[in-house]
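In structure tokens:
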């Protein structure tokens, strides 16, 4: 439920903005617009959890998907790797995101890389890639840098500049989190190989900042909400300021199913189910969709009408296309002495030695490698996937290995590029529905050969690093086609050409002048594996321009 005493707006009178989604983008847009005097209603399909509601209950959070409203048992998403196949609803939800006020910023690991200058103009640098929609962004790093800096300070990021980072106009507001065993070993191995490890920037407070306390090193970061508000989610950084403005109403457990347009072609009403399942609507002068790269295209496609037969704002046909998960791979190793890496944040060091595309490799792509406990951060999580490769996951030997390995294991987690392809997309499933009765989203996805090649290349470098760091045993996990992801990018891309994009550089849809989209769907390329910093920077930038449009009667 909402905060007691918060402003409420009548549903039959238009507010300035209805924002759909309260996560990394929606939470920022709500705060920026409401504190600038605009009347805002935020519709969030998940509940309004408080800091005191978050626990370390691994069964509830990791197994029963508490923060994603029960996962695929209730959402019924379907997956296939080829459009000629019938998609099926797997046990594990193909798209991994939180349904809660604050969205996935509540449960993210909080690795906060910026994109680099090259990420915005790779098409111009490298040329076309056959069979893909590889393109430049309509904005540059230089244009986005002030908003990256705003994320650093307003959201709260700990860190230190790395040897390959792009320029920054202001230093980090907080020093790095203390280095962990995994970070020390990454530095040791990298140095022996002539590489340079660097500090991992984190949206976690290393010291008190903006009225919030520092991290207590509980170790329950990845997948969990933070019980002390040290993780810089929009739940604790932006939503309180939006509500305090007196101009923002958060309506939690309200699932939007359609956006209506009027005879003038403008979005003027948002239809949703309230917490009791009743159909409601909210009038609006403008609408901003910040669901994520899966939910945003689903809503547009489910809002098809006579005026928009292929989905709202889809004259280009690009709504739902070009889905990018970021490609991933992993390696892990055992060390002689206990690392106790389960303590503290997931990551304190990473390697960006191979960030850029090198044509000499024979394929597109680059990425980063970070060192972390991964599943060994929590005991039940480790028990679920901690069996040594090639050994059984039951019996006396399994138990003995779990006891020994939990404190001695280190994972290298690799985030890499994904190429935009028509064949990787979000569409509407013809038979499945979610718990509200909304047609479910259908994911069609198969990694490009170059995506898998860069994932394997980086994994090989990781195995070299583990050996140089003194690992007793190490294993490389198979690099296979992905059947899901947490980074949901590219499905309503921004661009200057209305024929090949959905929104312009200010996140206004090409087809509907008072409809804006801002989240991971706006991405043109995937970056190298940690998109949330960029999503937040885009949201701060979008809010500034949208507010100016509204003040100048240009919406």
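Residue numbers (the working numbering): 3 to 557.
Backbone N, C-alpha and C fix where the C-beta goes; we use that ideal spot for every residue, glycine too.
DSSP three-state assignment for residue i, whether helix, strand or coil
i: residue 200; result: strand
i: residue 286; result: strand
i: residue 551; result: helix
i: residue 141; result: coil
i: residue 467; result: helix
i: residue 609; result: A question about residue 609 goes unanswered here, because the residues of the chain that appear run from 3 up to 557.
i: residue 476; result: strand
i: residue 510; result: strand
i: residue 4; result: For residue 4, the predicted model reports a pLDDT of 49, less than 50, meaning its position is unreliable and no value from the coordinates is stated.
i: residue 559; result: Residue 559 lies beyond the range of the chain shown here (3 to 557); nothing can be said about it.
i: residue 525; result: coil
i: residue 194; result: helix
i: residue 373; result: strand
i: residue 224; result: coil
i: residue 363; result: helix
i: residue 167; result: coil
i: residue 15; result: coil
i: residue 147; result: helix
i: residue 456; result: helix
i: residue 556; result: coil
i: residue 233; result: strand
i: residue 186; result: helix
Neighbourhood of residue i by C-beta, 6 Å cutoff - its chain only, sequence neighbours within 5 removed
i: residue 363; result: none
i: residue 646; result: In the structure as shown, the chain starts at 3 and stops at 557, and residue 646 therefore has no counterpart that could be examined.
i: residue 117; result: 529, 536
i: residue 295; result: 490, 491, 493, 522, 523
i: residue 437; result: 76
i: residue 287; result: 16, 18
i: residue 101; result: 47, 48, 70, 71
i: residue 255; result: 49, 277
Buried or exposed by the 16-neighbour rule on C-beta atoms within 10 Å, applied to residue i
i: residue 3; result: Reliability of the predicted coordinates at residue 3 is poor, the pLDDT of 44 falling under 50, and no value is obtained from them.
i: residue 413; result: buried
i: residue 356; result: buried
i: residue 183; result: buried
i: residue 134; result: buried
i: residue 482; result: exposed
i: residue 127; result: exposed
i: residue 401; result: exposed
i: residue 158; result: buried
i: residue 387; result: exposed
i: residue 423; result: buried
i: residue 512; result: buried
i: residue 375; result: buried
i: residue 259; result: buried
i: residue 550; result: exposed
Delimiting residues of the alpha helix (DSSP H) encompassing residue i
i: residue 406; result: 398-407
i: residue 384; result: 381-387
i: residue 206; result: Taken as a continuous stretch (DSSP letters only), residue 206 belongs to no alpha helix (DSSP H), as it is neither H nor E.
i: residue 488; result: Segment: none, residue 488 is in no alpha helix (DSSP H) and carries neither H nor E.
i: residue 378; result: That residue, residue 378, is in no alpha helix (DSSP H); it is neither H nor E in DSSP.
i: residue 505; result: Run containing residue 505: none; DSSP gives neither H nor E here.
i: residue 300; result: 297-304
i: residue 238; result: 236-239
i: residue 218; result: Looking at the DSSP string, residue 218 is not in any alpha helix (DSSP H), and its letter there is neither H nor E.
i: residue 31; result: 28-36
Where the beta strand (DSSP E) containing residue i begins and where it ends
i: residue 263; result: 257-263
i: residue 446; result: 441-446
i: residue 417; result: 411-418
i: residue 517; result: 517-519
i: residue 271; result: 269-275
i: residue 353; result: 351-353
i: residue 21; result: 19-22
i: residue 421; result: Taken as a continuous stretch (DSSP letters only), residue 421 belongs to no beta strand (DSSP E), as it is neither H nor E.
i: residue 45; result: 42-45
Cβ shell of residue i (< 8 Å), same chain only, five flanking positions each side left out
i: residue 152; result: 539, 542
i: residue 399; result: 393
i: residue 88; result: 82
i: residue 554; result: none
7 Å CB neighbourhood of residue i in its chain, flanking five on each side removed
i: residue 456; result: 329, 365, 367, 368, 369, 418, 419
i: residue 416; result: 330, 331, 332, 369, 371, 457, 460, 461, 464
i: residue 264; result: 270
i: residue 322; result: 299, 303, 427, 428, 429, 493
i: residue 149; result: 539, 542, 543
Inset, instruction - Entirely within the region 319-343 and at least 3 residues each: give me those beta strand (DSSP E) ranges in chain order. - result: Fully enclosed beta strand (DSSP E) runs of 3 or longer: 329-336.
Inset, instruction - Give, in chain order, every unbroken run of the beta strand (DSSP E) that is at least 3 residues long and sits entirely within the region 56-131. - result: With a minimum length of 3 residues, the continuous beta strand (DSSP E) runs that stay inside the region 56-131 are 80-82.
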